[in-house]
């Protein structure tokens, strides 16, 4: 048994007077900070640029801060809206709870969709190569998701179904997992996903310099994460549902098929198109 009730898992790290520091928020701060560093490093390595013609210049730290300040809040809102929409039966009776994101309830698929739309709009406005930028973001994204699962562990959400396996976890009775399955050990689904996310990060980080076309790392991020999420969802005890099917399985299938087709179409196009001299990716149009 990994832990008994109340021994380790607790959402609050420390209280300093009126200030409460929660593991959930701390993990988000760590994930965003580390992700920003890795993204900035990749953007410099790729020599990405902003604008066109004589106004073209390298992407700066200020540009990335602007992107961060737009993307993070919108992604969080998207993640919350997605979650609330699938749990509307509860939230329609408890409207005040909709804003309580510190209690958990951020759906990663909603966050990724909202975040991706924001990045696309940002690239269109700034004239940045969208696929080259998302390739720079992909390793940081999956690493951030892995770190975020530690917050889920301490919060007792993103929990699994009951299990008799020796690594099952007894969460505190006042945690989401403890209230869903009182007195029962559950699958540490958040740990399963954290491990798979770290494996995906290691793969993406290793292949990032291999000269793949812009968009390949982005596609592999979505495909591999969707596979991982689809597997882990079989053990999740708090799944969102579309009728008899888990919503995560539906969204994951759409992403796998969509980005698989994207990679296949790229390869078929390359086989049927005469070779041309390589272009400088920094001058590629934003929506290539």
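Numbering (the working numbering), first residue to last: 8 to 295.
Yeah, the Cβ is synthetic: ideal placement off N, Cα and C, and Gly gets one too.
Cβ-Cβ distance between residue i and residue j below 8 Å
i	j	result
residue 151	residue 39	yes
residue 196	residue 166	yes
residue 267	residue 214	no
residue 109	residue 30	no
residue 82	residue 42	no
residue 126	residue 78	yes
residue 211	residue 149	yes
residue 154	residue 37	yes
Nearest residue (CA-CA) to residue i, options the options
i	options	result
residue 254	236, 75 and 163	236
residue 345	180, 65, 25 and 128	Past the boundaries of the shown model lies residue 345; the chain is included only from 8 to 295, so the question cannot be answered.
residue 145	238, 91 and 208	208
residue 162	34, 241 and 130	34
residue 59	131, 18, 102 and 86	131
residue 56	90, 138 and 217	138
residue 238	280, 258, 102 and 112	258
residue 141	262, 116, 221 and 72	221
residue 218	156, 157 and 53	53
residue 263	274, 280, 234 and 271	234
residue 107	124, 125, 119 and 86	86
residue 241	46, 90 and 256	256
residue 90	232, 113 and 223	113
residue 157	191, 198 and 128	198
residue 228	191, 204, 23 and 250	204
residue 225	250, 243, 105 and 136	136
residue 73	160, 159 and 128	128
residue 243	170, 120 and 216	170
Inter-residue Cα distance where the pair is residue i and residue j
i	j	result
residue 6	residue 49	Any question about residue 6 goes unanswered here, given that the chain covers just 8 to 295.
residue 93	residue 134	36 Å
residue 18	residue 178	11 Å
residue 21	residue 75	27 Å
residue 172	residue 193	9 Å
residue 181	residue 147	33 Å
residue 25	residue 103	21 Å
residue 206	residue 276	30 Å
residue 245	residue 189	14 Å
residue 67	residue 248	42 Å
residue 291	residue 63	Confidence in residue 291 is poor, its pLDDT being 47 and thus under 50, which makes the residue's placement unreliable; the coordinate value appears in the next sentence. If you take the alpha carbons of residue 291 and residue 63, they lie about 12 Å apart.
residue 279	residue 261	27 Å
residue 80	residue 16	27 Å
residue 101	residue 202	34 Å
residue 95	residue 117	15 Å
residue 273	residue 84	33 Å
residue 164	residue 184	6 Å
residue 5	residue 98	A query on residue 5 cannot be resolved here, the shown segment of the chain reaching from 8 to 295 and no further.
residue 46	residue 69	13 Å
residue 23	residue 251	46 Å
residue 187	residue 124	34 Å
residue 159	residue 191	18 Å
residue 223	residue 265	13 Å
residue 105	residue 88	9 Å
Beta bridge counterpart(s) of residue i as assigned by DSSP
i	result
residue 65	56
residue 248	253
residue 27	22
residue 169	193
beta-carbon residue i near the ligand NAP non-hydrogen atom, thresh 7 Å
i	result
residue 260	Questions concerning the ligand NAP fall outside what the structure shown contains, since it holds no ligand whatsoever.
Jot down the residue ranges of each uninterrupted alpha helix (DSSP H) in the segment 173 to 254, minimum 4 residues, whole runs only, in chain order.
Here the runs fully enclosed are 183 to 187, 196 to 214 and 223 to 240.
Of all the beta strand (DSSP E) runs that stay within the bounds of the segment 109 to 155, which reach a length of 3 or more residues?
If you keep only unbroken beta strand (DSSP E) runs of at least 3 residues inside the segment 109 to 155, you get nothing at all.
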